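Participant:
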Amino acid sequence: MPERWPHRPSFVSSLSARLLVLTVFFVLLAEFLIYAPSISRFRKVYLEEHVASAHLAALALQATPDNMVSQDLERELLFHAGAYGVVLKKPERRMLVLSGTMPSRVEITFDLSRGNFVMWIRDAFEALVQNENRVMRVIGISPKDPGVVVEVVMDEEPMRQAMIGFSARILQLSIVISLITASLVYLSLQWLMVRPMGRITRGMTAFRDNPEDASRSILASSRSDEIGIAQRELAVMQNELRAALRQKTRLATLGTAVAKINHDLRNSLATAMLVSDRLADIDDAEVQRLKPRLSEAIDRAVNLCGLTLDYVGSGALELRPSHFHLQELITEVGAALKSRQSPEGRLEWQNTVDFELDLQADRAQLFRVLNNLCRNSQQAGATKVWISAGKDNGRIFIDIADDGPGLAAKAKERLFQPFTGSARKGGTGLGLVIVRDIMRAHGGEISLLESGAKGTTFRLELPERRQVDDSGKIR
């Protein structure tokens, strides 16, 4: 099989690029969340500083003997305060202190002593998006004298330009911070996650190409985090799967050899059976005494060869489904069992299946299943076997019960395991494995309902109706 390496994604579509983009995005988002209250605070401080400057300008005016200054000085004071006019409010009176050429109207008023966090953010962004200058009245308590309220009439555009400059500095700083942070996060994630994940991916692909090559196993990591656990568990899984594959390969090779040996052995046993039959014609007491034991041993050997060949050579079962009455099939199974039983080991057979119960299945294979289970009961020492059936939730169940001694605990644990699940001495355990394969090929299942001193009961389950394609196969 040619080696296939995983397609290496381009940088744009790689996990590293996505992490880098996400890092930059979240850093910028965090900066924006910080920027909103920052620009609001900048605007408020800007207005408070102009209120303080206006108060200082008014104090310079009040320092004169007659509270009057020349127009040139007044314009200069207003220029430095950045205002059209300044009004001081004291508890006892309201007076106009400085006034230049006033605009025709004031478009908006802000009271610094009112509002909340959300309103200040809203007003800040509203000022940023203005395309034209607005004349605004700002009312605030003087930081120099809490008993004085200052009103300032001023343009909004200088404040807006200052806010834009502040925003540009914040943006530049945010970009620098985001790039530095993103680079550090990117390098950290590249080292901690992306590179280890790449090694895991390459290890999985190499293992897929040749699972039995031990050199392709991923190296276990000593890391204590999730990546390290994933690498160690993957290494364990690869080793366990490699061992299982090797065992399967050995078993497959062994199965092929056993199949060839069994084929030749069956031919030899056929000759032995012919000789055994000829021994029946010899009029000798010792020969007649040993002949049944010899025939029984040969029958067991032939049966073992047949089961082994069936198990080793069985692939996907080719079912030939048909409609038939279940009662008739069970009657045939009983007749076949009775024809093979000895006079001293009579088997009582009870068929309680309703004649009207019919099903769609491979008749020959289902006969094989029932015959196998009933023969097991007979060989286990049962004197009575009874079979019942019924329908439940669209499925047909068939119960095969006997009065035998029951299954041993060890046999129950390995009931459907080949070569280890036999319940009697000399058995192979293949019979129940083949029965299970046949039932699953029909979309059904076999299960052990109970087994004890009073007997054993197996249940077969089949779907009541299944689709059959044009070739007659059950789907």
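According to numbering that gives the first Met the number 0, the sequence shown is numbered sequentially starting from 0. Note that the Cβ used here is the ideal one computed from N, Cα and C, for glycine as well. All values reported here derive from a predicted model rather than from experimental measurement.
#1: Can you give the beta carbon distance from A388 to V352, rounded, assuming they're within the 8 Å contact cut?
#2: Relative to the alpha-carbon of R277, which residue among P291, I107, F366 has its alpha-carbon at the smallest distance?
#3: Of all the CB atoms in chain B, is at least one closer than 9 Å to the CB of A388?
#4: Would G202 pass as a contact of S216 if the rule is Cβ separation under 9 Å?
#5: Starting from I174 and walking both ways along the alpha helix (DSSP H), at which residues does that stretch end?
#6: By Cβ distance below 7 Å, which residues in the same chain neighbour A205 in space, the five residues on each side in sequence not counted?
#7: Tell whether a beta-carbon distance below 9 Å holds between E460 and I397.
#8: Using beta-carbon positions only, say whether A167 and R42 come within less than 9 Å of one another.
#9: Pop quiz: E47 and G139 are said to be a contact at Cβ under 8 Å. What is the actual Cβ separation, rounded to whole angstroms?
#10: Within the continuous beta strand (DSSP E) that includes P462, where are the two ends?
#11: Rounded to a whole number of angstroms, what is the C-alpha to C-alpha distance between R133 and E106?
#12: Roughly how many whole angstroms lie between the Cα atoms of A452 and P320?
#13: Work out the CA separation of Q359 and E463 for me, nearest whole Å.
#14: Quick check on H79: buried or exposed, where buried means 16 or more other Cβ atoms within 10 Å of its Cβ?
#15: Just curious, the beta strand (DSSP E) that K143 is in, first and last residue?
#16: Which one of E285, A243, A57, D361 has the shortest CA to CA distance from R74?
#17: Determine the extent of the alpha helix (DSSP H) in which V86 is found, giving its start and end residues.
#18: Between L19 and A181, which are expected to be in contact by the criterion C-beta below 8 Å, what is the C-beta distance as a whole number of angstroms?
#19: Exposed or buried, which one is H322 when buried takes at least 16 other CB atoms within 10 Å?
#20: Taking the alpha-carbon positions, what's the T330 to R288 distance?
#21: Would you mind reading off the limits of the alpha helix (DSSP H) that contains D122?
#22: Need the endpoints of the alpha helix (DSSP H) that L369 sits in, please.
#23: In terms of residue numbering, what span does the alpha helix (DSSP H) encompassing I433 cover?
#24: So what does P320 bridge to, in DSSP terms?
#25: Report the rounded CA-to-CA distance for P5 versus A229, giving the unit in angstroms.
#26: For M158, tell me which candidate among P145, S141, M135 has the shortest Cα-Cα distance.
#27: Hey, M153 and A51: beta-carbon distance below 9 Å or not?
#28: Measure the C-alpha to C-alpha separation of L77 and V184 and round it to an integer number of angstroms.
#29: For R191 versus S15, is the C-beta distance shorter than 9 Å?
#30: Tell me which residues share the same chain as R104 and place their Cβ nearer than 8 Å to its Cβ, disregarding the 5 neighbours each side in the sequence.
#31: By Cβ distance, which residues of its chain are closer than 8 Å to P102, with the 5 residues on each side in sequence left out?
#32: Let me check understanding here. Comparing Cα to Cα, which of L55, S173, L87 lies closest to V23?
#33: Rounded to whole angstroms, what's the CA-CA distance from E2 to R194? Just pull it up for me.
#34: Helix, strand or coil: which one does DSSP assign to G81?
#35: Is H54 near P142, with beta carbons less than 9 Å apart?
Facilitator: In short, the structure shows the following:
#1: 5 Å
#2: P291
#3: This model lacks chain B altogether; it includes just one protein chain.
#4: yes
#5: 156 to 188
#6: R215
#7: yes
#8: no
#9: 6 Å
#10: 454 to 462
#11: 6 Å
#12: 37 Å
#13: 7 Å
#14: exposed
#15: Neither: K143 is in no beta strand (DSSP E) and is coded neither H nor E.
#16: A57
#17: Note, V86: premise wrong, no alpha helix (DSSP H); beta strand (DSSP E) at 84 to 89.
#18: 6 Å
#19: exposed
#20: 34 Å
#21: 116 to 127
#22: 362 to 378
#23: 429 to 440
#24: D361
#25: The predicted position of P5 is uncertain, since its pLDDT is 49 and thus under 50; no value can be drawn from it.
#26: M135
#27: no
#28: 52 Å
#29: Before going further, note that residue 191 is Leu rather than Arg in the sequence given. Their beta carbons are not under 9 Å apart, which means L191 does not touch S15 by this criterion.
#30: V134
#31: Y83, V134, V152
#32: S173
#33: Low per-residue confidence applies at E2: pLDDT is 48, beneath 50, and the placement is therefore not dependable, though the value from the model is reported in the following sentence. Rounded to the nearest angstrom, the two C-alpha atoms are 21 Å apart.
#34: coil
#35: yes
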